[in-house]
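Here is the structure we will look at.
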Amino acid sequence: MKWTYQDTEIYEKSKEYVDTAIIPLIPVAGGKEQKDSVLMGEFAQYLSDYIERQYMGRVYLLPPFTYLKEEEEKEKQKRVLEWSEHFKKEGFEYFLFITSDMEWRQIDLKKAGELVWVPAFSLSDMESKKRQQSVEQQARQIIPLMTKKWK
Numbered sequence: 001m002k003w004t005y006q007d008t009e010i011y012e013k014s015k016e017y018v019d020t021a022i023i024p025l026i027p028v029a030g031g032k033e034q035k036d037s038v039l040m041g042e043f044a045q046y047l048s049d050y051i052e053r054q055y056m057g058r059v060y061l062l063p064p065f066t067y068l069k070e071e072e073e074k075e076k077q078k079r080v081l082e083w084s085e086h087f088k089k090e091g092f093e094y095f096l097f098i099t100s101d102m103e104w105r106q107i108d109l110k111k112a113g114e115l116v117w118v119p120a121f122s123l124s125d126m127e128s129k130k131r132q133q134s135v136e137q138q139a140r141q142i143i144p145l146m147t148k149k150w151k
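In terms of full-length UniProt numbering, the sequence shown is residues 1 to 151.
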C-alpha cells in the first residue's frame, strides 16, 4: 500500500496486518549537487516502490522523508526519529529506510529502524527489462533485512 487516498481506505480495513513502513530518504539540493540529489532520490523511490509491490498487504510505503543536503546530521537524525515515533503510535512496528545518500551511513538510526543504503545509478537510460532486473537484484539483497524481523 502506498500513501494514496485509495490505499488509505484499504489500510484502514487491514491495519492489523500492516506492521512495516518503508520510507525513502530523499536529499534535496540545488546547484552543482542537484543532479546527484535527483538521481539518489529517483533511485531510492523506485526501489521503495518495487519492494512495496512485492509485499503489498504487509508494508505501507510512506511519503519520502525529504531533507536539504546541507542539513546537519543531528537534525536529520532527530526528524527521522520523530517520524518513526509518530508512526509507531499509529501501529507500525518495523521501519525500513532506503537511501542512496552515503551520508546516512554515518547516522545512527537503530532506534528508528533499519537503514539500507544502496548506490544509485540512472534508471532512465536503461531499457525496461534491464531496469527491472537491476532493481530486482538490489531488492533481493534488501528484502531479507526486512523479513527476518517478521519472524
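Every residue, glycine too, gets a C-beta built ideally from N, C-alpha and C. Source: prediction; values computed, not measured.
- Taking a contact as a CB-CB distance under 8 Å, the pair Ala139 and Leu39 does not count as one, their CB atoms being some 18 Å apart.
- Short of 7 Å from the beta carbon of Tyr11, and not among the five residues preceding or following it, lie these beta carbons of its own chain, in chain order: Met1, Val18, Tyr60.
- Counting only the Cα atoms, Lys130 lies some 34 Å from Trp83.
- Secondary structure remark: continuous beta strand (DSSP E) runs of at least 3 residues inside the stretch 80-136, in chain order: 94-99, 114-117.
- Here Pro24 is not near Thr147, since their CB atoms are 8 Å or more apart.
- DSSP places Tyr46 inside the alpha helix (DSSP H), whose first and last residues are 34-54.
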